[in-house]
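For reference, the structure discussed in these notes is given below.
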Amino acid sequence: MSAQEITWVDGSVTYDEFNEMWYKTDHHWKTQGAYLAYQRLADAMGIPDDDRVRPDFEALEAPLFRGTFARSGLDSDYADEVSYVPTSYFDSLVVEVKGEERSPESLVHREKYAAGNWDDDPFANHYGEFFHGDYGLMSISDPESKASGSLLIVADSYSNCMEYFFAGSFEKVYVCDPRHYDGTIDTILNEYPGVDDVLFLMRDAEFVSAETLAFLSE
9 MSAQEITWVD
19 GSVTYDEFNE
29 MWYKTDHHWK
39 TQGAYLAYQR
49 LADAMGIPDD
59 DRVRPDFEAL
69 EAPLFRGTFA
79 RSGLDSDYAD
89 EVSYVPTSYF
99 DSLVVEVKGE
109 ERSPESLVHR
119 EKYAAGNWDD
129 DPFANHYGEF
139 FHGDYGLMSI
149 SDPESKASGS
159 LLIVADSYSN
169 CMEYFFAGSF
179 EKVYVCDPRH
189 YDGTIDTILN
199 EYPGVDDVLF
209 LMRDAEFVSA
219 ETLAFLSE
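To convert, note that position 109 of the sequence shown is 117 in my numbering; the numbers rise steadily by one, no gaps.
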């Protein structure tokens with residue numbers, strides 16, 4: 009792959025953007041921050057504006073999320089709201105994890121939370137519980153979509169709240185977390201030869217980690 013085929017998308021944000029779009033009690037971004045990243049990525053990937061997910065955020069009134077920083081200090085008075093974007097195509101998604109078909113609920117546990125079924129520990133990881141844990145490899149597709157091409161997202165947990173945003177713009181979206189995947193990127197590209205674009209979406213520390221470097225090795 010030549011340098012001309014690689015596009016770097018700037019992840020810089022202002023203090024006000026960070027203050028508004030990142031959890032105060034955790035190191036992850038809120039869905040608002042993920043959506044800002046999605047817009048920049050969509051620009052870089054040439055996704056037409058009319059095909060993009062709309063930012064119709066819905067916030068969960070309960071449970072409140074007390075993330076890594078709050079857990080470290082056991083400060084239960086310091087908390088965040090979790091929010092998500094209910095896309096128009098969410099219910100039609102087909103999800104596969106390790107070859108096993110799952111429902112869209114495995115990406116965003118809306119029904120579970122609407123029924124009040126969540127971990128009642130005040131310091132539970134509601135980011136991971138409401139969205140999903142870190143899968144080694146999964147795929148997302150919308151059978152009703154007329155989009156073409158396939159996208160491979162190489163990511164860490166930052167992508168968990170936003171992967172399905174891309175399902176309306178590609179025939180198939182594959183998501184791999186190198187920390188939980190035994191093969192290499194060639195393993196995936198050989199098994200799924202239709203992948204047109206590869207998106208790296210992770211913290212810089214994970215990008216240069218031993219797991220990611222091993223994933224990128226031949």
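C-beta atoms are modelled at their ideal positions from N, C-alpha and C, and glycine is treated no differently.
Please state whether the Cβ-Cβ distance between residue i and residue j is less than 8 Å.
| i | j | result |
| --- | --- | --- |
| residue 232 | residue 209 | Summary: the structure shown does not reach residue 232, with the chain confined to residues 9 through 226, and so no result is reported for it. |
| residue 223 | residue 193 | yes |
| residue 79 | residue 139 | no |
| residue 146 | residue 104 | yes |
| residue 135 | residue 36 | yes |
| residue 119 | residue 155 | no |
| residue 112 | residue 127 | no |
| residue 59 | residue 176 | yes |
| residue 94 | residue 64 | yes |
| residue 13 | residue 44 | no |
Give the secondary structure of residue i by DSSP, where H, G and I count as helix, E and B as strand, and everything else as coil.
| i | result |
| --- | --- |
| residue 110 | strand |
| residue 120 | helix |
| residue 101 | coil |
| residue 146 | strand |
| residue 31 | coil |
| residue 91 | strand |
| residue 222 | helix |
| residue 204 | strand |
| residue 193 | helix |
| residue 165 | helix |
| residue 19 | coil |
| residue 158 | strand |
| residue 10 | Residue confidence for residue 10 is low, a pLDDT of 47 falling below 50, so the modelled location carries little weight; the figure read from the coordinates is stated next. Correct three-state label for residue 10: coil. |
| residue 73 | strand |
| residue 6 | This structure cannot speak to residue 6, because the chain is shown only from 9 to 226. |
| residue 44 | helix |
| residue 86 | coil |
| residue 209 | strand |
Quick one: what's got a C-beta closer than 6 Å to residue i's C-beta in the same chain, skipping five residues either side?
| i | result |
| --- | --- |
| residue 160 | 182, 203, 206 |
| residue 162 | 184, 208 |
| residue 117 | 138 |
| residue 133 | none |
| residue 169 | 39, 42, 139 |
| residue 124 | none |
| residue 55 | 177 |
| residue 86 | 33, 78 |
Assuming the contact rule is C-beta atoms closer than 8 Å, residue i and residue j should be a hit. Round their C-beta distance to whole Å, please.
| i | j | result |
| --- | --- | --- |
| residue 92 | residue 66 | 6 Å |
| residue 150 | residue 214 | About 28 Å; that fails the 8 Å criterion. |
| residue 15 | residue 42 | Not quite, the Cβ-Cβ distance comes to about 19 Å (not below 8 Å), so this is no contact. |
| residue 142 | residue 185 | 5 Å |
| residue 49 | residue 17 | 6 Å |
| residue 97 | residue 152 | 7 Å |
| residue 28 | residue 40 | 7 Å |
Given residue i, which residues of its chain have a CB within under 8 Å of its CB, disregarding the five upstream and five downstream residues?
| i | result |
| --- | --- |
| residue 88 | 31, 32, 33, 34, 38, 72, 73, 74, 75 |
For residue i, which residues from the same chain have a beta carbon less than 7 Å from its beta carbon, with the 5 sequence-adjacent residues on both sides left out?
| i | result |
| --- | --- |
| residue 11 | Its pLDDT being 48, under 50, residue 11 is placed unreliably by the model, and nothing is read from it. |
| residue 189 | 144, 145, 223 |
| residue 220 | 186, 214 |
| residue 121 | 68, 138 |
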